[in-house]
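Trainee: Before I ask anything, here is the structure I am working with.
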Amino acid sequence: MNPYRYIYHITTQEAWQQAKPAGWYTPPGFAADGFIHCSSLRQVLPVAERFYAGQTGLVLLQIRANRLDSRVIYENLEGGAELYPHIYGELNVQAVSQVIPFAPGPDGRFTLPDWLEMECPG
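The structure is reproduced here in C-alpha coordinates:
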(Lines of atoms letter the chains of each structure in order from A and count residues from 1; the text may use other names and numbers.)
(Lines give C-alpha, C1' and ligand atoms only; values in the text may rest on other atoms or scores of the structure.)
Protein backbone atom coordinates (compact mmCIF):
# COMPACT_ATOMS: atom_id res chain seq x y z
CA MET A 1 0.00 0.00 0.00
CA ASN A 2 1.24 3.47 -0.85
CA PRO A 3 1.25 6.00 2.00
CA TYR A 4 0.94 8.89 -0.48
CA ARG A 5 -1.81 9.56 -2.99
CA TYR A 6 0.76 11.11 -5.32
CA ILE A 7 4.45 10.53 -5.85
CA TYR A 8 6.70 12.69 -8.02
CA HIS A 9 9.47 12.20 -10.55
CA ILE A 10 11.70 14.81 -12.18
CA THR A 11 12.64 14.28 -15.81
CA THR A 12 13.28 16.27 -18.96
CA GLN A 13 10.49 17.56 -21.16
CA GLU A 14 12.18 15.75 -24.06
CA ALA A 15 12.20 12.36 -22.29
CA TRP A 16 8.54 12.77 -21.33
CA GLN A 17 7.53 13.69 -24.88
CA GLN A 18 9.28 10.57 -26.18
CA ALA A 19 7.56 8.37 -23.60
CA LYS A 20 3.98 9.48 -24.25
CA PRO A 21 3.47 7.78 -27.65
CA ALA A 22 5.00 4.55 -26.33
CA GLY A 23 2.65 4.52 -23.33
CA TRP A 24 5.43 4.01 -20.79
CA TYR A 25 8.48 5.80 -19.42
CA THR A 26 11.82 4.73 -17.99
CA PRO A 27 14.64 7.17 -17.19
CA PRO A 28 18.15 6.83 -18.62
CA GLY A 29 19.49 5.24 -15.40
CA PHE A 30 16.78 2.59 -15.25
CA ALA A 31 18.88 -0.27 -16.65
CA ALA A 32 21.58 0.29 -14.03
CA ASP A 33 19.29 1.06 -11.06
CA GLY A 34 16.41 -1.30 -11.82
CA PHE A 35 13.84 1.23 -10.62
CA ILE A 36 12.59 4.78 -11.12
CA HIS A 37 13.58 7.26 -8.40
CA CYS A 38 10.58 9.19 -7.07
CA SER A 39 9.82 11.49 -4.16
CA SER A 40 7.00 12.54 -1.91
CA LEU A 41 6.01 16.17 -2.39
CA ARG A 42 8.09 17.34 0.57
CA GLN A 43 11.14 15.52 -0.83
CA VAL A 44 10.95 17.09 -4.31
CA LEU A 45 12.85 20.32 -3.61
CA PRO A 46 15.79 18.75 -1.75
CA VAL A 47 16.11 16.15 -4.53
CA ALA A 48 15.94 18.86 -7.22
CA GLU A 49 18.62 20.94 -5.50
CA ARG A 50 20.91 17.95 -5.05
CA PHE A 51 20.61 16.31 -8.47
CA TYR A 52 19.24 18.92 -10.90
CA ALA A 53 20.84 22.22 -9.84
CA GLY A 54 21.00 24.65 -12.75
CA GLN A 55 19.29 22.32 -15.22
CA THR A 56 16.55 23.60 -17.49
CA GLY A 57 13.99 21.84 -19.66
CA LEU A 58 12.69 19.82 -16.72
CA VAL A 59 9.19 18.71 -15.81
CA LEU A 60 7.80 17.32 -12.58
CA LEU A 61 5.55 14.31 -13.09
CA GLN A 62 2.75 13.99 -10.56
CA ILE A 63 1.98 10.27 -10.41
CA ARG A 64 -1.14 8.69 -8.94
CA ALA A 65 0.35 5.82 -7.00
CA ASN A 66 -2.82 3.72 -7.20
CA ARG A 67 -2.77 3.83 -11.03
CA LEU A 68 0.71 2.40 -11.42
CA ASP A 69 1.07 -0.94 -13.14
CA SER A 70 4.46 -1.46 -11.47
CA ARG A 71 5.21 -1.99 -7.80
CA VAL A 72 6.32 0.90 -5.54
CA ILE A 73 8.71 0.21 -2.68
CA TYR A 74 9.53 2.84 -0.05
CA GLU A 75 13.17 2.48 0.89
CA ASN A 76 16.45 4.26 1.49
CA LEU A 77 19.35 2.67 -0.30
CA GLU A 78 21.93 5.19 0.91
CA GLY A 79 21.73 4.30 4.59
CA GLY A 80 19.59 7.25 5.70
CA ALA A 81 16.37 7.13 7.66
CA GLU A 82 14.13 8.86 5.11
CA LEU A 83 12.24 6.54 2.78
CA TYR A 84 11.83 7.34 -0.92
CA PRO A 85 9.33 5.78 -3.32
CA HIS A 86 10.94 3.69 -6.04
CA ILE A 87 8.93 2.33 -8.96
CA TYR A 88 10.20 -1.15 -9.80
CA GLY A 89 9.24 -1.31 -13.46
CA GLU A 90 8.05 0.99 -16.19
CA LEU A 91 5.93 4.03 -15.45
CA ASN A 92 2.69 3.68 -17.41
CA VAL A 93 1.81 7.14 -18.73
CA GLN A 94 -1.84 6.79 -17.62
CA ALA A 95 -0.64 7.01 -14.02
CA VAL A 96 0.67 10.55 -14.59
CA SER A 97 -2.00 13.04 -13.55
CA GLN A 98 -0.04 16.29 -14.05
CA VAL A 99 3.05 17.33 -16.00
CA ILE A 100 4.33 20.47 -14.30
CA PRO A 101 7.02 22.71 -15.85
CA PHE A 102 9.89 22.66 -13.38
CA ALA A 103 12.56 25.28 -14.00
CA PRO A 104 14.89 26.91 -11.50
CA GLY A 105 14.27 30.56 -10.73
CA PRO A 106 16.70 33.42 -11.44
CA ASP A 107 18.58 32.51 -8.27
CA GLY A 108 19.04 28.93 -9.52
CA ARG A 109 16.73 27.43 -6.89
CA PHE A 110 13.63 25.39 -7.57
CA THR A 111 10.21 26.19 -6.15
CA LEU A 112 6.90 24.38 -6.29
CA PRO A 113 3.76 26.08 -7.57
CA ASP A 114 1.59 27.35 -4.71
CA TRP A 115 -1.44 25.45 -6.04
CA LEU A 116 0.47 22.18 -5.82
CA GLU A 117 1.46 22.65 -2.20
CA MET A 118 -2.11 23.54 -1.24
CA GLU A 119 -3.71 20.74 -3.28
CA CYS A 120 -1.31 17.98 -2.29
CA PRO A 121 0.25 18.63 1.12
CA GLY A 122 2.73 16.09 2.39
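Mapped onto numbering that gives the first Met the number 0, the consecutive letters of the sequence shown carry residue numbers 0 to 121.
Backbone N, C-alpha and C define an ideal beta-carbon position, used for all residues, glycine too.
Do residue 31 and the ligand GDP come close, with the Cβ less than 7 Å from some heavy atom?
Mentor: This structure lacks the ligand GDP, and indeed carries no ligand of any kind.
Trainee: Count the CB pairs spanning the segment 67-76 and the segment 43-58 that are closer than 8 Å, and state whether there are at least three.
Mentor: Verdict: no, contact absent.
Trainee: Applying the 10 Å Cβ sphere with the 16-neighbour rule, what's the burial state of residue 105?
Mentor: Residue mapping note: residue 105 aligns to position 106 of the sequence shown, counting from 1. Per the 10 Å Cβ criterion, exposed.
Trainee: Go through the segment 15-102 residue by residue and report every complete run of the alpha helix (DSSP H) that reaches 4 residues or more, in order.
Mentor: Listed in chain order, they are 29-32, 40-50.
Trainee: Measure the alpha-carbon distance for residue 9 versus residue 78 and round it to whole angstroms.
Mentor: On the sequence shown, position 10 is the one that residue 9 refers to. On the sequence shown, position 79 is the one that residue 78 refers to. Cα-Cα distance, rounded: 22 Å.
Trainee: Does the Cβ of residue 57 have 16 or more other Cβ atoms within 10 Å, making it buried, or fewer, making it exposed?
Mentor: The sequence position of residue 57 within the sequence shown is 58, counting from 1. It counts as buried.
Trainee: Does the contact criterion of 3 or more C-beta pairs under 8 Å hold for the segment 86-97 versus the segment 39-47?
Mentor: Judged by Cβ distances under 8 Å, the segment 86-97 makes no contact with the segment 39-47, as fewer than three pairs qualify.
Trainee: Closest to residue 27 by CA distance: which of 6, 36, 101 is it?
Mentor: Here the question's residue 27 lines up with position 28 in the sequence shown. Nearest option by C-alpha distance: 36.
Trainee: Residue 55 to residue 102, Cα distance in whole Å?
Mentor: Here residue 55 refers to the residue found at position 56 when the sequence shown is read from its first residue. Here residue 102 refers to the residue found at position 103 when the sequence shown is read from its first residue. Their backbone Cα atoms lie some 6 Å apart in a straight line.
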